[in-house]
Amino acid sequence: MSVEPTVEGLATELSSYLDTSRINQVRRAYYYAEQAHEGQMRKSGDRYITHPLAVAHILAELRLDHQSLMAAMLHDVIEDTGIPKDALADQFGDDVAELVDGVSKLTQIEFRSRAEAQAENFQKMTLAMAKDIRVILVKLADRLHNMRTLGPMPFEKRQRIATETLDIYAPIANRLGMHSISTELEDLGFTSLYPMRSKYISKAIQKLRGNHREIIEDIRGKLQEKLEERGLPGRILGREKHLNSIYSKMKLKQKSFHEIMDVYAFRIITDNEDDCYRILGAVHSLYKPLPGRFKDYIAMPKANGYQSLHTTLFGMHVNIEIQIRTEEMEHIANNGIAAHWMYKTEEPSVGKVNQTRVDRWVKGLMEMRERADDSMEFIENVKVDLFPDEIYVFTPKGRIMELPQGATPVDFAYAIHTDIGNATVACRVNRNLASLSQPLQSGQTLEIITAPGARPNPAWLSFVTTGKARSSIRHALKTRKRAESMALGRTLLKKSLNGFDAKLSDISDAQKQAVVSHNQVNSFDDLVSDIGLGNRMAYLVARQLVAGYEAQEEEQSAETKQIEASGPVMIRGAEGILLKFASCCKPIPGDPVVGIMDSGNGMIIHSDTCSRLPEDDEGRARLTHLKWAKDITDEFSVELRVELERQRGVIAEIANAVAMADGNIERINVEDQNARFGIVSLVVHVNGRRHLARVMRRVRNIRAVTHISRVRH
125 MSVEPTVEGL ATELSSYLDT SRINQVRRAY YYAEQAHEGQ MRKSGDRYIT HPLAVAHILA
185 ELRLDHQSLM AAMLHDVIED TGIPKDALAD QFGDDVAELV DGVSKLTQIE FRSRAEAQAE
245 NFQKMTLAMA KDIRVILVKL ADRLHNMRTL GPMPFEKRQR IATETLDIYA PIANRLGMHS
305 ISTELEDLGF TSLYPMRSKY ISKAIQKLRG NHREIIEDIR GKLQEKLEER GLPGRILGRE
365 KHLNSIYSKM KLKQKSFHEI MDVYAFRIIT DNEDDCYRIL GAVHSLYKPL PGRFKDYIAM
425 PKANGYQSLH TTLFGMHVNI EIQIRTEEME HIANNGIAAH WMYKTEEPSV GKVNQTRVDR
485 WVKGLMEMRE RADDSMEFIE NVKVDLFPDE IYVFTPKGRI MELPQGATPV DFAYAIHTDI
545 GNATVACRVN RNLASLSQPL QSGQTLEIIT APGARPNPAW LSFVTTGKAR SSIRHALKTR
605 KRAESMALGR TLLKKSLNGF DAKLSDISDA QKQAVVSHNQ VNSFDDLVSD IGLGNRMAYL
665 VARQLVAGYE AQEEEQSAET KQIEASGPVM IRGAEGILLK FASCCKPIPG DPVVGIMDSG
725 NGMIIHSDTC SRLPEDDEGR ARLTHLKWAK DITDEFSVEL RVELERQRGV IAEIANAVAM
785 ADGNIERINV EDQNARFGIV SLVVHVNGRR HLARVMRRVR NIRAVTHISR VRH
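Under our numbering, think of the first position of the sequence shown as 125, with each following residue one higher.
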């Protein structure tokens, strides 16, 4: 059994930044939790209270406020001991009770097997974060301690928790700028999922470190000498590469272990911003900088508030990566949003900037959540924003916007405002007109050109990269599609009602409601929209609406009128419906056929073997299996492919054979030919399958023809 942490040890740690009354409140929460969890043990054999205490220790290292620490102590009380939220509110106040409730709800979330359940739960997490970001901080500390003590868990549970950590919690910690927690979660998750790989990489690192010790010390000495020579304050730290990041680079960048590890990394921590730039000059005078590898995240911080100067130098026959930052930047780089509470009292500006960034991100998540039709669409959008590799571009007024790698001007337009994105028609990049689909580069200045009444183009969805742009475009298209389908559906319904000598205004609300219930839709508007989208037949809905007060024989005569108005019937049961025959498979009487309603085009008739028909279950459900009417006298186009040996007059022979079989030739083309053989494409008018068989038999009997077949696209 491990040595138990104590509340007194925690109190000593807290005394460095909290006053006595607040420390006593944290102590009180500890004793309350200890009593509530009395008799409960962890898998490791430790008393259960050691877990909340360890979580509070992690938050104390981040210097979080006393309410977060109290919530850490109490975070399992509601779920594990049956004490209600109200009781906690009476004891410790509403804020703490809300935090505990939020963390309890997140604890019930399991991001496992089904993607949909995972997406649903991610939405709950977003809501919790939007209410109070501290909920996720307590949850991250809880997850970190659970990962540190994962050993005694059964194998399957370990695998699930580790996968969930790598997929969800580590990226969130990273997005909130909490680098130290994010990397520890990644490494613990990696070690748990891949114990053998982790062991090999660890051994290889130790071996390499021993071999490289002299070079590392030599570089560190030269850097120290240079700083002293210029009188610049700065402590130099070696930077460790983490197991998960080494493995990811080996896997994604197809690099060997030695290629990744042949880089010597140092961090120089100094007093203020000016010194950062002076130190940059000093190290560049010592070793040559590699072109294109310098990044200034001080002037342009990352989206999660990270600031630092990055440069790569070449010296002593190796690459040397250096990060230069102030103490404050170091704290924010490691603790991200948690640094907000540390600087709250001393230096409001730092925390505020960071808090504003996180608020903006969470607000963006909430917007996407409202727009997304379902949770799967939401998580698809969010995943992009959880793994950003930022580029920085400027507005014409010089404001900096951060966007993920590969973002386009359309993403930029939506990042400014949804209305600007929706009204975008063109853009200027560095004052020159540019394509809306081109990926942006850091440092470019963008100007978006809008037009009143402009609408998003569905093609944009194929190239935008940000979740906000994608969800906004989809939302606008859905809204527009619904408005258009409503208008079209109303027109088609009115037309069909005219055939029954009825008007839409004459139909009672009760009758409309009866038809809505019969069709199992939510509202009459949905029914009208379905007609416009081609999912329902206007004629059938009209007949249902009229049936309430029309006599059967009147309905029959209306049907007869409708039939007469629409000409001879080709398909049984499709009276009064606008029919179109698909040009892809060119069905003819006798072919097995299906119908699919199409927005504004009535019913499209396809051969049931057509490759253009939907293959998914939802699409297949929209198909109607149909039968041809008898005695059809109309002619239908059929495409034939004739393979033949080249001879003089063979085309005339084919034309003659078709005419002999009472067929009409619409078009004849020589598709492909060489000295001996040729392929002829033939479009012929026939009135059914029997007639077609007769035509094909006549053509096949020509001596030069080697093969004939019907073409279906």
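We treat Cβ as the ideally placed atom computed from N, Cα and C, and that holds for glycine.
Since we're looking at a predicted model, the values are computed, not measured.
| Item | Value |
| --- | --- |
| Euclidean distance between Cα positions of Ser761 and Arg813 | 11 Å |
| Whole-angstrom C-beta distance between Arg417 and Thr839, which should lie under 8 Å | As shown, the chain starts at 125 and ends at 837. That puts residue 839 outside it, with no answer to give. |
| Ala626 versus Ser586: straight-line alpha-carbon distance, rounded | 45 Å |
| Gly719 - partner residues in DSSP beta bridges | Ile729, Thr748 |
| Identity of the residues DSSP links to Val856 by a beta bridge | In the structure as shown, the chain starts at 125 and stops at 837, and residue 856 therefore has no counterpart that could be examined. |
| Own chain, CB closer than 6 Å to Ala265, minus 5 neighbours either side, in chain order | Val179, Ile182, Leu183 |
| Ala153 to Lys263 span [Cα, whole Å] | 17 Å |
| Distance cut-off 8 Å: Arg814 Cβ against heavy atoms of the ligand MG | Ligands in the displayed structure: none, and consequently the ligand MG is not present. |
| Cβ neighbour criterion (16 or more within 10 Å) applied to Asn335 | exposed |
| Anticipated Cβ contact below 8 Å, Ala457 with Tyr430, distance rounded | 5 Å |
| Per DSSP, the bridge partner or partners of Lys412 | Phe438 |
| Close beta carbons around Ser228, own chain, < 6 Å, minus the five adjacent residues each side | Ile202, Glu203 |
| One or two residues paired with Asn556 in a DSSP bridge | Val553 |
| Cβ neighbours of Phe536 in the same chain (closer than 6 Å, five flanking residues each side left out) | Leu570 |
| Buried versus exposed, by CB contacts within 10 Å (16 or more), Tyr155 | exposed |
| Among Asp633, Ile207, Ser432, nearest to Arg391 - alpha-carbon criterion | Ser432 |
| Exposed unless 16 or more other CB atoms sit within 10 angstroms - verdict on Thr315 | buried |
| Separation of Gly656 from His599, as counted between CA atoms | 19 Å |
| Coil, strand or helix - Phe390 by DSSP | strand |
| Through-space distance from Cys708 to Ala575, alpha-carbon basis | 38 Å |
| Secondary structure of Tyr430, DSSP reduced to three states | coil |
| Beta-carbon gap between Leu669 and Leu601 smaller than 9 Å | no |
| Residues near Asn578 in its chain [Cβ-Cβ closer than 6 Å; skip 5 each side] | One point to set straight first is that residue 578 is Ala, not Asn, in the sequence displayed. For Ala578, where only same-chain residues beyond five positions count, the Cβ hits under 6 Å are Ala547, Val549. |
| Own chain partners of His815 with C-beta closer than 8 Å, once the 5 adjacent residues on each side are dropped | Ala785, Asp786, Gly787 |
| Simplified DSSP assignment, three categories, for Met385 | helix |
| Beta-carbon contacts of Arg238 that lie in its chain and below 7 Å, excluding the five residues immediately before and after | Interpretation of Arg238 is limited by its pLDDT of 40, a score under 50 that renders its predicted location unreliable; the figure taken from the coordinates is listed afterwards. Cβ neighbours of Arg238 beyond the five flanking positions: none. |
| Exposure label - Gly133; buried when at least 16 CB within 10 Å | exposed |
| CA-to-CA distance, Ser647 to Gly743, given in whole angstroms | 23 Å |
| Glu222 to Val259 span [Cα, whole Å] | 9 Å |
| Simplified DSSP state of His190, which is helix, strand or coil | helix |
| Residues of its chain near Asn283, where Cβ-Cβ distance is below 8 Å and the 5 sequence neighbours each way are ignored | Reading off the sequence, residue 283 comes out as Gln, not Asn. Hits under 8 Å: Ser316, Leu317. |
| Contact check, Glu769 vs Phe801, beta carbons under 9 Å | yes |
| Exposure of Asp654, with buried meaning 16 or more beta-carbon neighbours within 10 Å | buried |
| Neighbourhood of Glu790 by C-beta, 8 Å cutoff - its chain only, sequence neighbours within 5 removed | Ser761, Val807, Val808, His809 |
| Residue interval of the alpha helix (DSSP H) (run including Gly656) | 648-657 |
| As assigned by DSSP and simplified to three states, the class of Asp291 | helix |
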